[in-house]
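Novice: Protein chains in written order, with my numbering: chain A, 1 to 236; chain B, 1001 to 1595. Handing you this structure, nothing more for now.
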């Protein structure tokens, strides 16, 4: 493992102290054990404890450390240092209000997620045992249920930037289709009604930034396409 | 100094599996419930659980809760309380079925029932052969479970305080629990949460060790708060080292890999577990497998240039099976080991994973402490569930998939106990003690004004390195004693940590300093308890307690079949008996453990 110095340019803003945001240039000596960007950030924070970012599981499953890395949204814990061009430019996720440094206010993102009723709706009295579901029907949920709510997708979507209060966004729509696709859920038509509006679903213009950035390799655009198909089919 | 007060029927600290399961119970009972969490609920570390949740559903072959109970008692090396273990194993089917009804996307069998896979230590017919008991959603069971429970809470309109850190437990003059203090991270403001009942569901503290599968947030906050409030901690010497953390990175590789047919190999490619556990082999219980791996490494049969790990091999499995049942593991291998598990074996090493001990509770989730000669008297208004609690179902060693079961069963039972307790209470809250927040405010004030103090990161690292070297998979008499004095020295530094960042807004430096206050309590409890227990049992194995005819495997049932209770004041230890009497069946009698 070889030591090297890496240059960073990091968006800094502490509303308690700063009048306006600025880009901080900072460099750090890495000894080669820092495989991921998050490892380097932790090291940077040792040097300057005011550098603020969220992190938890460090293995890409909790969704805490989403940020804009050299212009593209991603998770710091899944981004290889060796693939990053110097200087590494880090900014908060675009389109959401900044709380401090790389920490954004995710209220709007979760509001949209909650708006699709992200829970199973089945008003029948539950059976004694599990509800049965064939392996094929269960397979329909693959690529949908794995979402970690990191917001990389929605905050890379121009439609979400323009209308974060009206357009559900890729993460929320992926979740909506996760329940529509579940054979145990009985609320498909209610769920479609809930999205029947010029903005909530139809602001998706298949730009596909969401697919490009999803750290879990999911495809919200395809899920959105399926919901649109169902809308059309039910209209004719 | 006065701080704002928020009043609720119940306050739950922690929004992982146990907290969310309890919250469902309380919210659906119509009680005013606040859930306080350092992170958005789906970021809690339950999300990282992989392999499954145990329940004797018998979907693929015959199974019985009594067999599960036997396995759990044996896995615990007889340190688990048999009433709590029976309770958990009998409730397993019910809580897993409920979870399915909430919408959990379990994998399915052709019959449409929940898919089940084998897991370490889970056997049929009282230890005969491995049984398929682990209910799984690929290798993302914890993620699927945590999201399903969060979603159910959205439906139940649970009130969350997200990105709030609980600071201290509030007890009144009678010792009853009447609330907690907590800080809103975004503003740095401290509030009092005044409640009739408080549940700690704050998870484990694996971050006391240098090499851990645990998330950054697993800092033992509930355990530390309880200790500071005079609650003793139970069996803290017992820590599980998971056999398969990615070498160097620490990231977890589920035991489900071995459940699906994975094999551990040493440098010569030998399947060495055949020598250590001729019957269960790679699916022996975790403490047994971890010790076998460390023995292989210590005796020079480790892999890699430094001979410091072994290999987990699934290259003989059908790639389609890997993609279907272990897709997340393949991703982890590529991300953190640079290895595609379909083509090459994964480098793995035992890594700190789970805290068997914790805040002492009974199986109703009530926190219990010794009082007037009775070892287990409930503390009024105080409950704990999940990894931070010690019921005790895991005893000296937890079986894989019993942690997700633990948090479901005891999350639910503590929720039920709280509902019953709150309904039995007068309409008015018990009054808060005067200056209920003063202690928390003084901690923050100290941090704001500390000069020439110790750096948080360096102090934490010193603690982690000490715990790793002095209190690991194998423990040594002299090293333990030395470790105690080192940790007590580090405690002095923790008391003087200094942060440069004084901002009020989302001050993560301050949070880390406050977390270290909790970690150090856990580290002290662990090493002091380990130093005192002069036997080998489950995950606690010492060089001066070896295998003899009178004490097979170094286990000393005459002197040490008892739970440790560590008291923060003076690092005092006392002990309480193990409950060997189940609720309805016969005692599972003491026996030498073999797999």
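Glycine included, each C-beta is placed from N, C-alpha and C at the ideal position. Given the structure is predicted, the values throughout are model-derived calculations rather than measurements.
Give me, in chain order, the residues of the same chain whose beta-carbon lies closer than 8 Å to that of residue 69(A); leave out the 5 immediate sequence neighbours on both sides.
Specialist: Hits under 8 Å: 37, 76, 79, 84, 88, 89 and 90.
Novice: For residue 1503(B), return the contacting residues in chain A, with the cut-off set at a CB-CB distance below 9 Å.
Specialist: 14, 15, 16, 17, 50, 52 and 100, listed in chain order.
Novice: Any C-beta of chain B sitting closer than 8 Å to the C-beta of residue 63(A)?
Specialist: It does; some Cβ of chain B falls within 8 Å.
Novice: Select from the segment 118 to 134 of chain A all residues with a C-beta closer than 9 Å to any C-beta belonging to chain B, and list them in chain order.
Specialist: Cβ contacts with chain B come from 118, 119, 120, 121, 122, 126, 127, 128, 129, 130, 131, 132, 133 and 134.
Novice: Check whether the Cβ of residue 1325(B) lies closer than 8 Å to any Cβ atom in chain A.
Specialist: No, residue 1325(B) does not count as interfacial toward chain A.
Novice: What's the C-alpha gap between residue 1416(B) and residue 1152(B)?
Specialist: Taking the straight line joining both Cα atoms gives about 17 Å.
Novice: Between the beta-carbon of residue 1603(B) and the beta-carbon of residue 1051(B), is there less than 8 Å?
Specialist: Outside the modelled stretch of chain B, which goes from 1001 to 1595, sits residue 1603(B), for which no answer is possible.
Novice: For the segment 1332 to 1359 of chain B, enumerate the residues whose C-beta is nearer than 9 Å to any C-beta of chain A, in chain order.
Specialist: Listed by position, the residues of the segment 1332 to 1359 of chain B near chain A (Cβ gap below 9 Å) are 1332, 1335, 1336 and 1338.
Novice: From this set, 1579(B), 1591(B) and 1522(B), which residue's C-alpha is nearest residue 1226(B)'s C-alpha?
Specialist: Residue 1226(B) has its Cα closest to that of 1522(B), out of 1579(B), 1591(B) and 1522(B).
Novice: Between the alpha carbons of residue 219(A) and residue 211(A), how many angstroms are there, rounded?
Specialist: When rounded, the distance between both Cα atoms is 5 Å.
Novice: If you measure from the beta carbon of residue 1102(B) to each beta carbon in chain A, is any gap under 8 Å?
Specialist: So, interface residue.
Novice: When you compare each of 1297(B), 1131(B), 1214(B) and 1078(B) to residue 1464(B) by their alpha carbons, which one comes out closest?
Specialist: For the residues 1297(B), 1131(B), 1214(B) and 1078(B), the minimum Cα distance to residue 1464(B) belongs to 1214(B).
Novice: Give me the Cα-Cα distance between residue 1007(B) and residue 1298(B), rounded to the nearest whole angstrom.
Specialist: The alpha-carbon atoms of residue 1007(B) and residue 1298(B) are separated by roughly 56 Å.
Novice: Keeping to the same chain, check which residues put their C-beta closer than 6 Å to that of residue 1336(B); ignore five residues upstream and five downstream.
Specialist: Counting only Cβ-Cβ distances below 6 Å, and skipping sequence neighbours, we find 1246, 1249 and 1251.
Novice: Which class does residue 1459(B) belong to by DSSP, given the choice of helix, strand or coil?
Specialist: Helix at residue 1459(B).
Novice: Do the segment 1350 to 1364 of chain B and the segment 1392 to 1412 of chain B touch if we need at least three Cβ pairs shorter than 8 Å?
Specialist: In short, these stretches touch, since the Cβ pair count reaches three.
Novice: Taking only the alpha-carbon atoms, compute the straight-line gap between residue 1075(B) and residue 1235(B) and give it to the nearest angstrom.
Specialist: One C-alpha to the other measures close to 15 Å.
Novice: So, is residue 1461(B) buried or exposed, given that buried needs 16 or more other C-beta atoms within 10 angstroms?
Specialist: Exposed: under 16 other Cβ atoms inside 10 Å.
Novice: Measure from the C-beta of residue 1464(B) to each C-beta in chain A and report whether the shortest distance is under 8 Å.
Specialist: Output row for residue 1464(B): interface = no.
Novice: Measuring alpha carbon to alpha carbon, tell me which residue in 7(A), 119(A), 101(A) and 96(A) is nearest residue 1102(B).
Specialist: The candidate whose alpha carbon is nearest that of residue 1102(B) is 119(A).
Novice: Just to confirm, are residue 1164(B) and residue 1356(B) a CB contact at a threshold of 8 Å?
Specialist: For residue 1164(B) and residue 1356(B), no; Cβs fall outside 8 Å.
Novice: Alpha carbon to alpha carbon, how far is residue 1579(B) from residue 195(A)?
Specialist: The alpha-carbon atoms of residue 1579(B) and residue 195(A) are separated by roughly 56 Å.
Novice: Tell me the DSSP secondary structure of residue 1089(B) in three-state form.
Specialist: In the structure shown, residue 1089(B) sits in a helix (DSSP, three-state: H, G or I).
Novice: Whole angstroms is fine: what's the gap from residue 1531(B)'s alpha carbon to residue 1457(B)'s?
Specialist: Their Cα atoms are separated by approximately 26 Å.
Novice: At the level of alpha carbons, what is the spacing between residue 1524(B) and residue 1230(B)?
Specialist: Taking the straight line from one Cα to the other gives about 15 Å.
Novice: For a test of the three-state rule: what should DSSP assign to residue 1548(B), helix, strand or coil?
Specialist: DSSP places residue 1548(B) in coil when its eight states are reduced to three.
Novice: Is the beta carbon of residue 1400(B) closer than 8 Å to that of residue 1120(B)?
Specialist: Contact: yes.
Novice: Rounded to whole angstroms, how far is the Cβ of residue 1480(B) from the Cβ of residue 1527(B), which I believe are closer than 8 Å?
Specialist: Between residue 1527(B) and residue 1480(B) the Cβ distance is about 7 Å, and since that is below 8 Å, they are a contact.
Novice: Under a CB-based cut-off of 8 Å, is residue 95(A) close to chain C?
Specialist: Among the protein chains of the structure shown, namely A and B, there is no chain C.
Novice: Any chance the segment 1036 to 1049 of chain B sits against the segment 1113 to 1129 of chain B, with 3 or more Cβ pairs inside 8 Å?
Specialist: Not touching, per the Cβ criterion.
Novice: When the Cα atoms are used, what is the spatial distance from residue 1398(B) to residue 166(A)?
Specialist: Cα-Cα distance, rounded: 48 Å.
Novice: Apart from the five residues on each side of it in sequence, which residues of its chain come closer than 7 Å, Cβ to Cβ, to residue 1073(B)?
Specialist: Hits under 7 Å: 1080, 1082, 1085 and 1588.
Novice: So if I threshold CB-CB distances at 7 Å, which residues from the segment 1512 to 1533 of chain B count as touching chain A?
Specialist: Hits within the stretch: zero.
Novice: Go through its chain and collect everything with a Cβ distance to residue 59(A)'s Cβ below 7 Å, but skip five positions before and after it.
Specialist: Within the same chain, residue 59(A) has close Cβ partners 77.
Novice: In the DSSP output, what is residue 1241(B) paired with across the bridge?
Specialist: Answer is 1352(B).
Novice: Compare the C-beta of residue 214(A) against all C-beta atoms of chain B and say whether one is closer than 8 Å.
Specialist: So no, residue 214(A) is outside the interface.
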